[in-house]
């Protein structure tokens, strides 16, 4: 079965650079979520989108922005990168809007390393 | 507040049962999940239970929920080396429609 696709899988950037992470949800899923997992940490919710509108916001820094496009894929834009942004970034998707009844399926993650 | 707690490590002998425990604080939890993360890999949804259920069984996995004590457990029968991973307990709550709150994860290691 098709899963959530994330690209790139690995990314190395230097401080103060920008990065763009992409997420392609499971077909017919209309909701995407972004999580950040620091080394040895549990995943922390950043932001979510339903039908191209932001639906919930977590601990996302102001330097980060995200959007969902008409084909439901999403991009997480990260600017002025800091060393502390090094983490595994997960995208998850679900169907039918946000809400706790909508089980989230996670992608493999993008591992970002900021030097 | 929102908090999910798990013990950090569990070691079991191959073929034995593993029981991973989790406690949560938010009584408005609606779904509770178990995710598996192998080294360097993503989060794999293993199973989930709705908060009005007390047990769910899926092949080698048994989830028990004690809503009164806010305690969730995952039992893996006949544990195999391929079960070595970090297991995250997680909850979704009514006050936030989107986010899932994760525990710190329990690292399960298998002894021969």
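Residue numbers (my numbering), protein chains in the order written: chain A, 5 to 119; chain B, 17 to 128. No residue lacks a Cβ here, since even glycine has one placed at the ideal position from N, Cα and C.
Next item on the list: Alpha carbon to alpha carbon, how far is residue 14/A from residue 130/B? Give it in angstroms, no decimals.
Entry: Outside the modelled stretch of chain B, which goes from 17 to 128, sits residue 130/B, for which no answer is possible.
Note to self: I believe residue 22/A touches residue 85/A by the beta-carbon criterion, under 8 Å. Please report the beta-carbon distance rounded to the nearest angstrom.
What the structure shows: As a working note, residue 22/A is residue 18 in the first chain. As a working note, residue 85/A is residue 81 in the first chain. Right, their Cβ atoms sit about 7 Å apart.
Note to self: Does the segment 19-33 of chain B come into contact with the segment 55-67 of chain A, if we say contact requires no fewer than three beta-carbon pairs (one atom in each stretch) closer than 8 Å?
What the structure shows: The segment 19-33 of chain B, when compared against the segment 55-67 of chain A, does not touch it at the 8 Å Cβ threshold.
Next item on the list: Show which residues of chain A have a CB atom less than 9 Å away from the CB atom of residue 116/B.
Entry: Translated into the one-based positions of the second chain, residue 116/B becomes position 100. The contacting residues are 37, 39, 47, 49, 96, 104, 108.
Margin query: I'd like to know whether the C-beta atoms of residue 56/A and residue 41/A end up nearer to each other than 8 Å.
Written below: Within the first chain, residue 56/A is the residue found at index 52, counting from 1. Within the first chain, residue 41/A is the residue found at index 37, counting from 1. Not a contact, by the Cβ cut-off of 8 Å.
Next item on the list: In angstroms with no decimal places, state the Cα-to-Cα distance between residue 97/B and residue 71/B.
Entry: Numbered from its first residue, the second chain carries residue 97/B at position 81. Numbered from its first residue, the second chain carries residue 71/B at position 55. When rounded, the distance between both Cα atoms is 25 Å.
Notebook entry, point to check: Does the beta-carbon distance from residue 46/A to residue 56/B come in below 8 Å?
Noted result: One-based indexing of the first chain puts residue 46/A at position 42. One-based indexing of the second chain puts residue 56/B at position 40. No, the pair does not count as a contact, with Cβ atoms beyond the cut-off.
Notebook entry, point to check: Comparing the C-beta of residue 60/A with each C-beta of chain B, is any distance below 8 Å?
Noted result: Against the first chain, residue 60/A aligns to sequence position 56. Answer yes: the Cβ-Cβ gap between residue 60/A and chain B drops below 8 Å somewhere.
Check: Shorter than 8 Å from the beta carbon of residue 42/A to some beta carbon of chain B?
Finding: Counting from one through the first chain, the residue named residue 42/A turns up at place 38. Residue-level contact check: residue 42/A does not touch chain B, since none of the beta carbons of chain B fall below 8 Å from its beta carbon.
Check: Looking at the C-beta of residue 93/B, does it have a partner C-beta in chain C at a distance below 8 Å?
Finding: Here chain C cannot be found, since the structure's protein chains are A and B.
Next item on the list: Jot down the residue ranges of each uninterrupted beta strand (DSSP E) in the segment 59-110 of chain B, minimum 3 residues, whole runs only, in chain order.
Entry: As far as the segment 59-110 of chain B is concerned, its whole beta strand (DSSP E) runs of at least 3 residues are 59-66, 71-74, 77-82, 87-92, 101-109.
Next item on the list: Given a cut-off of 8 Å, decide if residue 94/B and residue 76/B are closer than it, judged by their beta-carbon atoms.
Entry: For the purposes of this step, residue 76/B is taken as residue 60 along the second chain, with counting starting at 1. For the purposes of this step, residue 94/B is taken as residue 78 along the second chain, with counting starting at 1. Closer than 8 Å, so yes.
Checklist line | Counted within 10 angstroms of its Cβ, other Cβ atoms place residue 69/B as buried (16 or more) or exposed | finding: In the second chain, residue 69/B corresponds to position 53, counting from 1. It counts as exposed.
Margin query: For a cutoff of 8 Å on Cβ pairs, would you count residue 12/A as touching chain B?
Written below: Along the first chain, one-based indexing puts residue 12/A at 8. Not closer than 8 Å to any Cβ of chain B, the Cβ of residue 12/A fails to qualify, so no.
Checklist line | Buried or exposed (CB count within 10 angstroms, at least 16 for buried), residue 89/A | finding: Here residue 89/A refers to the residue found at position 85 when the first chain is read from its first residue. The residue in question, residue 89/A, is buried, as its Cβ has 16 or more Cβ neighbours within 10 Å.
Check: Can you tell me where the beta strand (DSSP E) with residue 20/B in it begins and where it stops?
Finding: Taking the first residue of the second chain as 1, we reach residue 20/B at position 4. It spans 20-22 - the beta strand (DSSP E) in which residue 20/B sits, taken as one unbroken run.
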